[in-house]
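Reading through the structure tokens given below for one structure.
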Amino acid sequence: MTIRPAAPMPESIRHGLRAKQHPARSVPCPHCGAHAHRPCTVRTRNRILTEPHPQRVSSWAQTVACCPDCQVTPTVPCHENGRSLPAVHARRHQEAQETAA
Numbered sequence: 001m002t003i004r005p006a007a008p009m010p011e012s013i014r015h016g017l018r019a020k021q022h023p024a025r026s027v028p029c030p031h032c033g034a035h036a037h038r039p040c041t042v043r044t045r046n047r048i049l050t051e052p053h054p055q056r057v058s059s060w061a062q063t064v065a066c067c068p069d070c071q072v073t074p075t076v077p078c079h080e081n082g083r084s085l086p087a088v089h090a091r092r093h094q095e096a097q098e099t100a101a
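Given below as structure tokens:
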């Protein structure tokens with residue numbers, strides 16, 4: 001009997017299988033260094049978290065949604081008075097949640 005390698009899974013099917021996970025897991029976590037589609041962890045104890053870090057959620061919202069407050073496009077960080085913010089505006093986060101739903 002010959003064992004053949006499995007065909008690569010299309011991204012549309014892969015997304016459907018991961019639908020139970022938080023959509024922010026599609027980007028790497030800047031806080032703990034977790035790779036995309038992997039859960040966040042506590043670095044000191046190697047404990048897996050059920051929810052992603054807030055920094056990861058902000059990073060995800062920045063990559064998928066436009067900000068209604070500061071009128072920036074996806075992948076551009078939010079700003080206030082010309083200075084970049086460490087997190088995204090709350091309305092951008094809401095926009096990202098609506099896009100994911």
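Note that full-length UniProt numbering has the sequence shown beginning at 1, numbered continuously upward. Don't be surprised by glycine CBs; every beta carbon is placed ideally from N, CA and C.
Assigned secondary structure, residue i (DSSP; H/G/I helix, E/B strand, else coil)
i	result
THR41	strand
VAL27	coil
GLU98	helix
Best match in the options for proximity to residue i [C-alpha to C-alpha]
i	options	result
GLN62	THR41, VAL42, ALA87, MET9	ALA87
HIS89	VAL57, CYS67, ILE48	CYS67
HIS22	ALA7, MET9, LEU49	LEU49
ARG83	CYS70, ARG91, CYS32, THR75	CYS70
Straight-line Cα distance separating residue j from residue i
i	j	result
SER59	THR44	23 Å
THR73	VAL64	9 Å
GLU11	ARG38	16 Å
Residue i classed as buried or exposed, judged by whether at least 16 other C-beta atoms fall within 10 angstroms
i	result
PRO52	buried
VAL42	exposed
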